[in-house]
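J.: Chains as they are written, first to last, in the numbering used here: chain A, 3 to 117; chain B, 4 to 116. Below is a structure I'd like to ask you about.
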Amino acid sequence: DTAVSQTPKYLVTQMGNDKSIKCEQNLGHDTMYWYKQDSKKFLKIMFSYNNKELIINETVPNRFSPKSPDKAHLNLHINSLELGDSAVYFCASSQDMGPWADTQYFGPGTRLTVL
Amino acid sequence: KNQVEQSPQSLIILEGKNCTLQCNYTVSPFSNLRWYKQDTGRGPVSLTIMTFSENTKSNGRYTATLDADTKQSSLHITASQLSDSASYICVVSARGGANNLFFGTGTRLTVIP
Numbered sequence: 003d004t005a006v007s008q009t010p011k012y013l014v015t016q017m018g019n020d021k022s023i024k025c026e027q028n029l030g031h032d033t034m035y036w037y038k039q040d041s042k043k044f045l046k047i048m049f050s051y052n053n054k055e056l057i058i059n060e061t062v063p064n065r066f067s068p069k070s071p072d073k074a075h076l077n078l079h080i081n082s083l084e085l086g087d088s089a090v091y092f093c094a095s096s097q098d099m100g101p102w103a104d105t106q107y108f109g110p111g112t113r114l115t116v117l
Numbered sequence: 004k005n006q007v008e009q010s011p012q013s014l015i016i017l018e019g020k021n022c023t024l025q026c027n028y029t030v031s032p033f034s035n036l037r038w039y040k041q042d043t044g045r046g047p048v049s050l051t052i053m054t055f056s057e058n059t060k061s062n063g064r065y066t067a068t069l070d071a072d073t074k075q076s077s078l079h080i081t082a083s084q085l086s087d088s089a090s091y092i093c094v095v096s097a098r099g100g101a102n103n104l105f106f107g108t109g110t111r112l113t114v115i116p
């Protein structure tokens, strides 16, 4: 009965590879997000997406791309992985989009290590 | 520049004691402020959300305050328990697009027996 789930939990890969992280929410929420938490535990939003609008944080390299097959899923694809991509990636969802959105529910995180 | 600063960076207290965590922000125009608890190895979990007109909001042993004039918020934890050991993150929203969320770096709380 997990609300927001992510797979895999851990991902270790070589520099230059392409990888994907999957996210699913069973809360019936309209909006999903991807966050990156660096080694200093600082959370930064990467994308927010509902079926109407994708908002991209302009600081995110275009090697990162979200893919949403349906409202309950928002996967994160990363091309040509770099050492600096090593971090914990969190998926989240909320009922609405924007600063007045209901509380965001976070997934357990995916720890990505690029060697 | 929109920023959220939290203090202290880390805190160690004895079980049963109270503590207060601080959050100062320069985010404008202000929309709302949230406190999250993040256990080690897990995603953040919302504790409370406060809007401009709210001064105090409680959630069990957690009480958050907001002073929109001085742009300060605090999270007070009463009668701490070992399970309170976690990082507490302050997040401030600015009015505008969905990406107008500004995260503090968190306060790492450790409760010891």
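C-beta: ideal position from N, C-alpha, C; glycine also. Note that the structure is predicted; figures quoted are calculated from it, not measured.
Keeping to the same chain, check which residues put their C-beta closer than 6 Å to that of residue 50/B; ignore five residues upstream and five downstream.
T.: One-based indexing of the second sequence puts residue 50/B at position 47. When the five nearest sequence neighbours on each side are left out, the beta carbons in the same chain lying within less than 6 Å of the beta carbon of residue 50/B are those of 38, 40, 62, 65, in order along the chain.
J.: Touch check for the region 83-91 of chain B and the region 8-28 of chain B: three-plus C-beta pairs under 8 Å?
T.: In short, these stretches touch, since the Cβ pair count reaches three.
J.: Does DSSP put residue 72/A in a helix, a strand or coil?
T.: Along the first sequence, one-based indexing puts residue 72/A at 70. Three-state result, residue 72/A: strand.
J.: Just the chain A side, please: which residues come within less than 7 Å of residue 56/B by C-beta, in chain order?
T.: Sequence index remark: in the second sequence, residue 56/B carries index 53 (1-based). Near residue 56/B there are no residues of chain A at all, since even the closest Cβ is about 14 Å away, more than 7 Å.
J.: For residue 49/B, go through chain A and note every residue whose CB falls closer than 8 Å to its CB, in chain order.
T.: For the purposes of this step, residue 49/B is identified with residue 46 of the second sequence, where counting begins at 1. In chain order: 105, 106, 107.
J.: Are the region 24-32 of chain B and the region 35-47 of chain A touching by the rule of at least three beta carbon pairs closer than 8 Å?
T.: no
J.: Start and end of the beta strand (DSSP E) containing residue 6/B?
T.: The residue labelled residue 6/B in the question sits at position 3 within the second sequence. No beta strand (DSSP E) holds residue 6/B; DSSP gives it neither H nor E.
J.: Could you spell out the range, first to last residue, of the beta strand (DSSP E) harbouring residue 37/B?
T.: Locating residue 37/B in the second sequence gives position 34, where the first residue counts as 1. Segment 33-41, the beta strand (DSSP E) holding residue 37/B.
J.: In angstroms with no decimal places, state the Cα-to-Cα distance between residue 41/A and residue 92/A.
T.: Looking up residue 41/A in the first sequence gives position 39. Looking up residue 92/A in the first sequence gives position 90. Taking the straight line from one Cα to the other gives about 14 Å.
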